[in-house]
Amino acid sequence: MAALPSTQFTYRSYSNFKLVSGHPDYQPIPNFEDPEGNVKTFQYSKDGRYLGWASPESVKIIDTESIEIVNEIPKKNVVEIGFSPKGRYISTWERSVKLADNSVHANLVVWEVATGKELISFTQKSQTNWNVQWTEDESFFSRLVTGEIQFYESKSPEKGVHGRLKIEGIGDFSLSPGKSPSVAVFIPEKNAAPAAVRIYSITNFNFPLSSKVFYKADKIQMKWNNLGTNLLVLTQTDVDKTNKSYYG
Numbered sequence: 351m352a353a354l355p356s357t358q359f360t361y362r363s364y365s366n367f368k369l370v371s372g373h374p375d376y377q378p379i380p381n382f383e384d385p386e387g388n389v390k391t392f393q394y395s396k397d398g399r400y401l402g403w404a405s406p407e408s409v410k411i412i413d414t415e416s417i418e419i420v421n422e423i424p425k426k427n428v429v430e431i432g433f434s435p436k437g438r439y440i441s442t443w444e445r446s447v448k449l450a451d452n453s454v455h456a457n458l459v460v461w462e463v464a465t466g467k468e469l470i471s472f473t474q475k476s477q478t479n480w481n482v483q484w485t486e487d488e489s490f491f492s493r494l495v496t497g498e499i500q501f502y503e504s505k506s507p508e509k510g511v512h513g514r515l516k517i518e519g520i521g522d523f524s525l526s527p528g529k530s531p532s533v534a535v536f537i538p539e540k541n542a543a544p545a546a547v548r549i550y551s552i553t554n555f556n557f558p559l560s561s562k563v564f565y566k567a568d569k570i571q572m573k574w575n576n577l578g579t580n581l582l583v584l585t586q587t588d589v590d591k592t593n594k595s596y597y598g
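See the structure below:
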């Protein structure tokens, strides 16, 4: 009988960040050095191969089997990190600040894990939905800007936007997993027009594959199945039938 793969888990408090072995030991991993300073956030890659965390001075990434440092990204004050589906890339986000020379603060950065190379950076003021979204094979990533979703080729993002899905009033989107990725877009209610969800193939933005309208839908959660063939949509509104807010 083949041996079970090793397991581990990580936890943090205000002053501690610990890496602990799983069943049957549940003991601190001895060759892991606790990071100095307050760890703002951490994340495992989807396959569990890497663990990354953000300290005040940098972002560190380790191999979870050897516990050796794969890379250290000298980026200060990072508060959000996110791995791509296969762990080749990592995104970092810091709060947007006004720079001394009045230049634009590119506070969202995409890096290559193996080399620590910065691939591209953007200005992303909101922490909500801050990260880019990837196709499962990591060939493309996408982000929402005013009125459109922009797609970039991962191997050459410096070439600029590879494709655009332009939809007036778009409020959110979700890129599916699977071998033939689709993108679901949400257009909130506006004036008398109902909200809508539309699904497009990322290879053809001319016509949606599917669409549905909703009333009383200001916000949305979208969940794809693992194959990217079905989408679960949950809508909600902040006001009741009398147009009064639920928050008082």
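Residue numbers (this note's numbering): 351 to 598.
The beta-carbon is built from N, C-alpha and C at its ideal position, and this holds for glycine as well.
May I have the straight-line CA-CA distance separating residue i from residue j, to the nearest angstrom?
i, j, result
"I423", "E488", "21 Å"
"I470", "K573", "27 Å"
"E444", "A450", "17 Å"
"S363", "E383", "16 Å"
"F564", "P538", "9 Å"
"T414", "W480", "26 Å"
"S492", "I379", "37 Å"
"V454", "G510", "17 Å"
"I570", "T585", "4 Å"
"L369", "K516", "44 Å"
So the candidates are the options; which of them puts its Cα closest to the Cα of residue i?
i, options, result
"K396", "F433, T360 and D375", "F433"
"S524", "H512, S365 and V583", "V583"
"K529", "Y376, L577 and E498", "L577"
"E498", "F555, V447 and K562", "F555"
"V447", "E462, R438, I440 and Q477", "Q477"
"P507", "V370, P435 and F490", "F490"
"K425", "I440, I419 and E407", "E407"
"K520", "N541, V495 and V370", "Before going on, a small fix: residue 520 reads as Ile here, not Lys. Closest option to I520, Cα to Cα, is V495."
If I follow the unbroken beta strand (DSSP E) through residue i, where does it start and stop?
i, result
"E518", "Here E518 belongs to no beta strand (DSSP E), and DSSP marks it neither H nor E."
"Y394", "T391 to Y394"
"V583", "L581 to Q586"
"R493", "F490 to V495"
"F382", "From DSSP, F382 is part of no beta strand (DSSP E); its letter is neither H nor E."
"Q358", "Q358 to R362"
By Cβ distance below 7 Å, which residues in the same chain neighbour residue i in space, the five residues on each side in sequence not counted?
i, result
"Q393", "G402, I431, G432 and F433"
"T587", "K566, A567 and D568"
"T340", "Because the chain spans 351 through 598 in this model, residue 340 falls outside it and cannot be assessed."
"E468", "V459 and W461"
"E518", "G497"
"G513", "F501"
"V676", "It is not possible to answer for residue 676, since the shown part of the chain is limited to 351 through 598."
"G398", "T414"
"I475", "Going by the sequence as given, residue 475 is Lys instead of Ile. Closer than 7 Å at Cβ, skipping near neighbours: S446."
"P435", "K396, W484, E486 and E488"
Evaluate residue i with the Cβ neighbour count: other Cβ atoms within 10 Å of its Cβ, from every protein chain shown; 16 or more gives buried, anything less gives exposed.
i, result
"G598", "Caution applies to G598, whose pLDDT of 49 falls short of 50 and renders its modelled position unreliable; the model cannot decide the point."
"A546", "buried"
"Y502", "buried"
"V482", "buried"
"I411", "buried"
"P531", "buried"
"V535", "buried"
"Y361", "exposed"
Beta-carbon within less than 8 Å of residue i's beta-carbon, same chain only, minus the 5 sequence neighbours each way: which residues are those?
i, result
"G372", "S356, T357, Q358 and F359"
"S405", "P385, E386, G387, N388, V389 and K390"
"A456", "S471, F472 and T473"
"S560", "R548 and I549"
"T465", "N421"
"F580", "A quick correction: the sequence has Asn, not Phe, at residue 580. Correct list, in chain order: W574."
Output needed for residue i: all residues of its chain with C-beta closer than 6 Å, excluding positions within five of it in sequence on either side, in chain order.
i, result
"Y550", "V533 and P558"
"N381", "I417"
"V428", "A404, V409, T442 and E444"
"Y400", "I411 and G437"
"K552", "Checking the sequence shown, residue 552 turns out to be Ile, not Lys. Closer than 6 Å at Cβ, skipping near neighbours: P531 and V533."
"N366", "none"
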